[in-house]
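Engineer:
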Amino acid sequence: MVFSIHKITHIFSRYLLIHSILFSLAACNSPESSHTELVFGGVVCTITLFEQGKDSVYRDIFSRLREIENLMSVNIPSSDVSRINAAAGVEPVQVHDDVLKVIERALYYAQLSGGAFDLSIGPLVSLWGIDSDNERVPSQTEIDKVLPLINWRNIELEPQTKSIYLKNKGMSLDLGAITKGYAADEAAVIIKKANIDRAIIDLSGNILILGEKKDKSLWKVGVQDPGGNRGSYMGILQTTEITVVTSGVYERFFEEDGTRYHHIFSPSGGFPVNNGLLSVTIIAHNSMNADALSTAIFVLGYEKGISLIESLPETEAIFIFEDYSVRKTTGVNFTITDNSYRLID
Ligand code: AMP
Ligand code: MG
């Protein structure tokens, strides 16, 4: 297998992040075992099952993660999402229940966010080539050409026939903003079925914690320092059983002529979102919802984002800005550990 330098750095840096987070978690709760594999196109996925962790459960979890990747990845030609995209403007495509569920939820968040989250973002992702060998800044003419294709309202979901239809030729879905969240929830289902009470599912930027620590103290989760090296964290979140999902500019990006271009796009403008935010972390109970929300809120920006978060039950957020100021909702137990950052009330 041949990896580009970019890809290797990407994978290596993800490792550092995972280890620093797990270090802080494991420090007071030594895990029985922990398994790491690369899934979702090179994302480091680490599962830690405390106490009753068995090889067969790890195997089941990773095969479920791969099953989800094989259904939802745009880079796998046989995936349901690739089949939907290939049939854009031609015909509806019958899909697996998993795909139907994720698209249904993605459409819900597209509507809730007024289109800031848009699963039909595919043509823009391809045009910019983020995380591929074709990364480049496209011309305004190219952007203007694909923008009319980005519109979640032109996705038809037919529950009876379990099929999805993209109304216009050239449209394409990209479920990258929600798939890992769904996968984390599905890993949790397997863990609960195996009667394992305590576990950490860490799908790089997408963490789901199950159960209580033995000594009943709170779990600690490091929030990535968006301005620092991979693996360095700028604050610690203390929490009970919860999911913590971050969308940040550092996750995937490239540089051209001294400007950094990241992977979260404005569906209306066609450029990477540039609104003063470096990252948005969502703390909630369901990982798929938190994943969709982290992306949606990032695109909406602070003002609109915080009012959406405040309208949702049991959902908290941490916002980190380019000037290293930090804002959070009131229900988060979060302490800044790096004094280059400052909390604004
Ligand atoms: P996340 O890291 O969860 O915020 O997801 C980012 C990924 O979602 C990107 O790599 C794209 O594949 C996709 N994406 C980018 N912009 C958007 C958007 N505005 N709405 C939905 N998905 C997006
Ligand atoms: Mg997301």
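Residue 24 is where the sequence shown starts when you use my numbering, and the numbers rise one by one after that.
Even for Gly, the Cβ is constructed at its ideal location relative to N, Cα and C.
(1) Any idea what DSSP makes of Leu196, helix, strand or coil?
(2) I'd like the span of the beta strand (DSSP E) that includes Thr164, first residue to last.
(3) In the DSSP assignment, what are the bridge partners of Asp225?
(4) Quick one: is the Cβ of Ile332 within less than 8 Å of any heavy atom of the ligand MG?
(5) Assuming contact is defined by CB atoms lying nearer than 9 Å, are Gly293 and Leu189 in contact in what I supplied?
(6) Flag Asp361 as yes when its Cβ comes closer than 8 Å to any non-hydrogen atom of the ligand MG, and as no otherwise.
(7) Measure the C-alpha to C-alpha separation of Leu142 and Ile178 and round it to an integer number of angstroms.
(8) Using the C-alpha atoms, what's the distance from Lys237 back to Pro295?
(9) Checking the sheet assignment: what are the DSSP bridge partners for Gln117?
(10) Ordered along the chain, which non-local residues of its own chain (more than five positions away) have a Cβ less than 6 Å from that of Ser302?
(11) Use the C-beta contact count for Lys192: other C-beta atoms within 10 angstroms, 16 or more gives buried, fewer gives exposed.
(12) Restricting to Cα atoms, I'd like to know which of Leu260, Gly145, Ser136 and Pro290 is closest to Lys327.
(13) Indicate, with yes or no, if the ligand AMP has a heavy atom lying under 8 Å from the CB of Pro290.
(14) Beta-carbon separation of Pro146 and Ile173 under 9 Å?
(15) Which class does Glu179 belong to by DSSP, given the choice of helix, strand or coil?
(16) For Glu279 versus Val160, is the C-beta spacing smaller than 9 Å?
(17) Could you check whether the Cβ of Ser143 sits closer than 8 Å to any heavy atom belonging to the ligand MG?
(18) Thr318: beta carbon under 8 Å from a heavy atom of the ligand MG?
(19) Applying the 10 Å Cβ sphere with the 16-neighbour rule, what's the burial state of Gly251?
(20) Leu300 to Phe277, Cα distance in whole Å?
(21) Comparing C-alpha positions only, which one of Glu235, Phe357, Glu158 and Ile144 sits nearest to Ile201?
Structural biologist: Result, derived from the coordinates:
(1) coil
(2) First-last for Thr164: Gln163 to Val169, but that is the alpha helix (DSSP H), not the beta strand (DSSP E).
(3) Thr69 and Ile230
(4) no
(5) no
(6) no
(7) 9 Å
(8) 43 Å
(9) Ser186
(10) Pro249, Thr269, Gly271 and Ile343
(11) exposed
(12) Ser136
(13) yes
(14) yes
(15) strand
(16) yes
(17) no
(18) yes
(19) exposed
(20) 17 Å
(21) Ile144
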